[in-house]
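Order-wise, the sequence lines are chains A and B.
Using the UniProt record's numbering, the first residue of the first sequence is number 1, and each one after it goes up by one.
Using the UniProt record's numbering, the first residue of the second sequence is number 1, and each one after it goes up by one.
Built from N, CA and C at the ideal position, the CB exists for glycine as well.
Worksheet: one structure, shown below.
Number of protein chains: 2
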Amino acid sequence: MNHTTGAAEDYLKTIYTHTEWQSDLISPSALAVRLGVAPSSVTEMVKKLAASGLITHVPYGPLALTDAGRLRATAVVRRHRLIETWLVGEMGYDWDQVHDEAEILEHAISDRLLEAINTRLGFPAHDPHGDPIPAADGTVLRPPAVLLAEATVGHAGSVLRVSDRDPAVLRELAADLIGPGTEFTLAAALTIVLADGQSRLVTPAAAASIWVTA
Amino acid sequence: MNHTTGAAEDYLKTIYTHTEWQSDLISPSALAVRLGVAPSSVTEMVKKLAASGLITHVPYGPLALTDAGRLRATAVVRRHRLIETWLVGEMGYDWDQVHDEAEILEHAISDRLLEAINTRLGFPAHDPHGDPIPAADGTVLRPPAVLLAEATVGHAGSVLRVSDRDPAVLRELAADLIGPGTEFTLAAALTIVLADGQSRLVTPAAAASIWVTA
DNA sequence: GCCAGAATTTAGGCTCACCGAAACCCTGCT
DNA sequence: AGCAGGGTTTCGGTGAGCCTAAATTCTGGC
């Protein structure tokens, strides 16, 4: 009733992260695309997760985590993000290179090793992309944020997070020295002015990946 | 023809380590016991490994690695031992606590991360138990060694390795400050005298786990 | 040289996580 | 209201890796 294998954890994690920065529930087909599996595989796993009380699902409807499911999901996300932070902070990885490694290690590391890493890093609150690292009890501290692509011209603030979905975007932004904490003003659509007065043109893909202070 | 999953890697690793400090080939049933699986499971996997050219096996006979199999096996052993060394050297583990964690991580870590760890550690030649860490090309440097239980009284030398099979033995020896590098003289069966003149009584289990300079 | 008992293999089955194809349900458009 | 098309589920099937029970083969002791 309770074990949650690596595959199930991936489903829970993906359902969780889908609603982390926007509020619509995920559909089975969207989940299939994100996980790279066939829709029928999703149906099957959804049945198991619902039977275990980790998600709720009415046939032909969207998916939602239960409290138990959210706890399990945040535990996986916590692992993933602590590992990413560690890879960048101690192991010489760049922020566009950590995702795949963390994807695998998050299912392999013991709680003990995870806490040893957490301690070495000084209990970080965010990963290299600016995503909040859930606490061990599942608590997540997430500031209000707007997508740069949807911010109004004139908006001033700082970068909160950059989605790690597209490594090319991450490399582009790293080259432009833009990352979590960068302060800016939106001078025109896709044009930001940094604190030192330099302006940067961001691609539409980047603008759709950058979340800034509301 | 070539993938080698985690399970297959465990079979290869176990076949390899069985002949590392003694020279008789392993039998299918011994392999089953070590891996904790049924004999029939061994038969099945053996068939696959033989078909992939990683081991040789005549029906009802013992198992032996081919050159390709040995290369694959030493790669896994290399991972395992580097991870153990890292857990002890940087993550605050004791030498009796690293085995299980390494057992899992050895199948999850990427080559890149492994080399990052190797570099941080300064390219160690031995793990915390004194086992040699194979080079990336499969080369292993193993000094001639005798089991303490089989050494003649009067034998003087130093501890080369302690088998990590039995954590209780490792804890016992750690309490007695005995480990790889410890110099001693065998004063009587199960009694050793250390460099500082102190003598120690070792249990039969420990004497059967300690390998010393020949 | 034979044969009992141990080791090994075969045979048949199980679970997990996946697949493609076919059936089914729902919605939006006419 | 009816229906086409897309989303979802069902159905039958696959490969890994494991199991137990039932052959089969080998071997040591007489």
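What are the complete beta strand (DSSP E) segments, minimum 3 residues, inside the UniProt domain "HTH dtxR-type" (1-66) of chain A? 55-57 and 63-65
So, for residue 126 of chain A: in the same chain, excluding its five sequence neighbours on each side, which residues have a beta-carbon less than 7 angstroms away from its beta-carbon? 132, 133 and 180
inquiry  = Let me see if you follow: with CB-CB separation under 9 angstroms, is residue 1 of chain A close to chain B or not?
reply    = At residue 1 of chain A, the pLDDT of 49 sits below 50, so the modelled position is not reliable; the number obtained from the coordinates is stated separately. Not one chain B Cβ lies under 9 angstroms of residue 1 of chain A.
Test item: CB-CB of residue 288 of chain A and residue 187 of chain A under 9 angstroms: Beyond the ends of chain A as shown, which are 1 and 214, falls residue 288 of chain A; an answer cannot be given.
Review point. Going by the beta-carbon positions, is the gap between residue 101 of chain B and residue 142 of chain A smaller than 9 angstroms?
Key: no
- Query: Among A/54, A/177, A/29 and A/182, which residue has its Cα nearest to the Cα of residue 42 of chain A?
  - Reply: A/29
For residue 157 of chain A, return the contacting residues in chain B, with the cut-off set at a CB-CB distance below 7 angstroms.
Ordered by position in chain B, no residue passes the 7 angstroms Cβ test against residue 157 of chain A, which lies about 35 angstroms from the chain.
Mind listing which residues of the segment 91-106 of chain B have their C-beta closer than 9 angstroms to chain A's C-betas, in chain order?
91, 92, 93, 97, 100, 101, 104 and 105
Discussion item. Run through chain B and tell me which residues come within less than 7 angstroms of residue 108 of chain A, C-beta to C-beta.
Written reply: 104, 105 and 108
Open item on the list: So residue 72 of chain B and residue 54 of chain B are supposed to be a Cβ contact under 8 angstroms. How far apart are they, rounded?
Closed with: 6 angstroms
Exercise. CA-CA distance, residue 25 of chain A and residue 22 of chain B?
Worked result: 60 angstroms
Task: Short Cβ contact (9 angstroms threshold) for residue 95 of chain B with residue 174 of chain B - done: yes
From which residue to which residue does the alpha helix (DSSP H) around residue 172 of chain A run? 167-175
inquiry  = For residue 15 of chain B, which residues in the same chain have their Cβ closer than 7 angstroms to its Cβ, ignoring the five residues on either side in sequence?
reply    = 26, 31, 55, 63, 65 and 73
**Report entry** Same chain, Cβ closer than 6 angstroms to residue 156 of chain A, five either side skipped, listed in chain order
**Finding:** 185
Worksheet item: If you draw a straight line from the alpha carbon of residue 7 of chain A to that of residue 36 of chain A, how long is it in whole angstroms?
Response: 12 angstroms
Checklist entry - Exposed or buried, residue 38 of chain A, counting other C-beta atoms within 10 Å across all chains shown (16 or more means buried)? => result exposed
Run the CB neighbour count on residue 47 of chain B, radius 10 Å, all protein chains shown included, and call it buried at 16 or more, exposed below.
exposed
Worksheet item: Going by C-alpha distance, which of A/193, A/145 and A/198 is nearest residue 163 of chain A?
Response: A/145
Task: Residue from B/203, B/52, B/158 and B/17 whose Cα sits closest to the Cα of residue 195 of chain B - done: B/158
Exercise. So the alpha helix (DSSP H) residue 207 of chain A belongs to, where does it begin and stop?
Worked result: 204-207
- Query: So what does residue 101 of chain B bridge to, in DSSP terms?
  - Reply: For residue 101 of chain B, which the question treats as bridged, DSSP gives no partner whatsoever.
| task | Label residue 114 of chain A either buried or exposed according to how many other C-beta atoms from any shown protein chain fall within 10 Å of its C-beta, with 16 as the threshold for buried. | result | buried
>> Please give the ranges of any alpha helix (DSSP H) in the segment 116-195 of chain B, keeping only runs that are unbroken, at least 4 residues long and fully inside the region.
In response: 167-175
Margin query: Let me make sure I understand the geometry here. Which of B/33, B/70 and B/204 has the alpha-carbon closest to that of residue 12 of chain B?
Written below: B/70
- How close, in whole Å, do the beta carbons of residue 116 of chain A and residue 92 of chain B come, if the pair is a contact with beta carbons under 8 angstroms? 6 angstroms
### Query
By Cβ distance, which residues of its chain are closer than 6 angstroms to residue 57 of chain B, with the 5 residues on each side in sequence left out?
46, 50 and 63
Subject >> Assigned exposure category for residue 136 of chain B - 16 Cβ within 10 Å defines buried >> reply: exposed
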